[in-house]
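One structure below.
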């Protein structure tokens, strides 16, 4: 008994033979024109090929766009593929408008209210500096750590540092409550999220002149992400601003000499070069 076109497509895909997989899927769709699974699989392959074959970039994406018209109803994965096609064929503005139109034209429970779609929309709004639209959108979303964090990000973007600080505090508290109900295997993921929130809150403490509080948050973040020397370097800067130069210089020097992520060295040096208040740090480090 021979293999079906769909079985051959899946086998070719596992082997990395994308064009053979496309041929098998075309055979499957010719035989069953409304095979939604085949269309979805073909769209994913076309998107991969558009990235791998620049000379065929547009034709692959146009083929993916044509396949998307055969899907009904659209799932969130389909919407994300549609967004990727529009972004790569028509540009960021058209993709942003798609995000807005899909979200505003939907209701809770629809795919465009899925957190993955909302995240794409918020990222696009952040890139445009549109805090007002984002904060209005976030008002109706559940007060989970994810949306509280985004509230903090947008208030920070518009310069409302104390409001942003409050949101990051709430996000951390909510994440801690979530962590209590999480499986042990999620501990590393939760720890990474907590570290990122601590880094954000430390930035607000710094902007408010609360350097000791910022250093405490960065110290905890470093304990969660010990391989990131940038956190250690920023801790050193907070110690310096808190009036502890010797400890500050030692931490900053150790971060600069960390060989695990040498690419971050220039970024650390740029931090102290950009601000006059770090002249003594530059002198101590010889940069």
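Numbering (the working numbering), first residue to last: 74 to 360. We put the CB at the ideal spot given by N, CA and C, even for glycine. Small disclaimer: the values here were computed from a predicted structure and weren't measured.
Helix, strand or coil, according to DSSP, for residue i in the structure here?
| i | result |
| --- | --- |
| residue 341 | helix |
| residue 300 | coil |
| residue 286 | helix |
| residue 153 | helix |
| residue 127 | helix |
| residue 332 | coil |
| residue 188 | helix |
| residue 309 | helix |
| residue 180 | coil |
| residue 100 | helix |
| residue 239 | helix |
| residue 315 | coil |
| residue 75 | coil |
Of the residues the options, which one's Cα is nearest the Cα of residue i?
| i | options | result |
| --- | --- | --- |
| residue 88 | 215, 104, 118 and 198 | 118 |
| residue 241 | 217, 252 and 110 | 217 |
| residue 263 | 298, 185, 138 and 337 | 298 |
| residue 111 | 140, 135, 347 and 192 | 140 |
| residue 107 | 125, 83 and 143 | 143 |
| residue 236 | 301, 276, 261 and 137 | 276 |
| residue 265 | 296, 282 and 205 | 296 |
| residue 181 | 169, 214, 162 and 313 | 214 |
| residue 224 | 192, 254 and 185 | 192 |
What residue range does the alpha helix (DSSP H) around residue i cover?
| i | result |
| --- | --- |
| residue 79 | 78-88 |
| residue 426 | This structure does not reach residue 426, given that the chain is present from 74 up to 360, and the question cannot be answered. |
| residue 173 | 165-177 |
| residue 281 | Here residue 281 belongs to no alpha helix (DSSP H), and DSSP marks it neither H nor E. |
| residue 204 | 204-212 |
| residue 232 | That residue, residue 232, is in no alpha helix (DSSP H); it is neither H nor E in DSSP. |
| residue 355 | 352-358 |
8 angstroms is my cut-off, CB to CB: does residue i come that close to chain B?
| i | result |
| --- | --- |
| residue 113 | Annotation note: the requested chain B is absent from the structure, which comprises a single protein chain. |
So residue i packs on residue j, CB below 8 angstroms; how close in whole Å?
| i | j | result |
| --- | --- | --- |
| residue 190 | residue 175 | 7 angstroms |
| residue 120 | residue 154 | 6 angstroms |
| residue 353 | residue 318 | 7 angstroms |
| residue 284 | residue 315 | 4 angstroms |
| residue 194 | residue 173 | 7 angstroms |
| residue 82 | residue 116 | 13 angstroms between Cβ atoms; not a contact. |
| residue 167 | residue 159 | 5 angstroms |
| residue 91 | residue 122 | 6 angstroms |
| residue 348 | residue 311 | That pair is no contact at about 13 angstroms. |
### Task
Give a yes or no on contact between the segment 285-292 and the segment 322-330, applying the rule of three or more CB pairs nearer than 8 angstroms.
no
### Task
Mind the definition here: the segment 336-345 touches the segment 301-316 only if three or more C-beta pairs lie below 8 angstroms; say whether that holds.
yes
### Message
So, does the segment 120-139 touch the segment 96-112, judging by three or more C-beta pairs under 8 angstroms?
### Response
no
### Message
Three Cβ pairs or more, each shorter than 8 angstroms: is that satisfied between the segment 211-226 and the segment 245-260?
### Response
Touching, yes.
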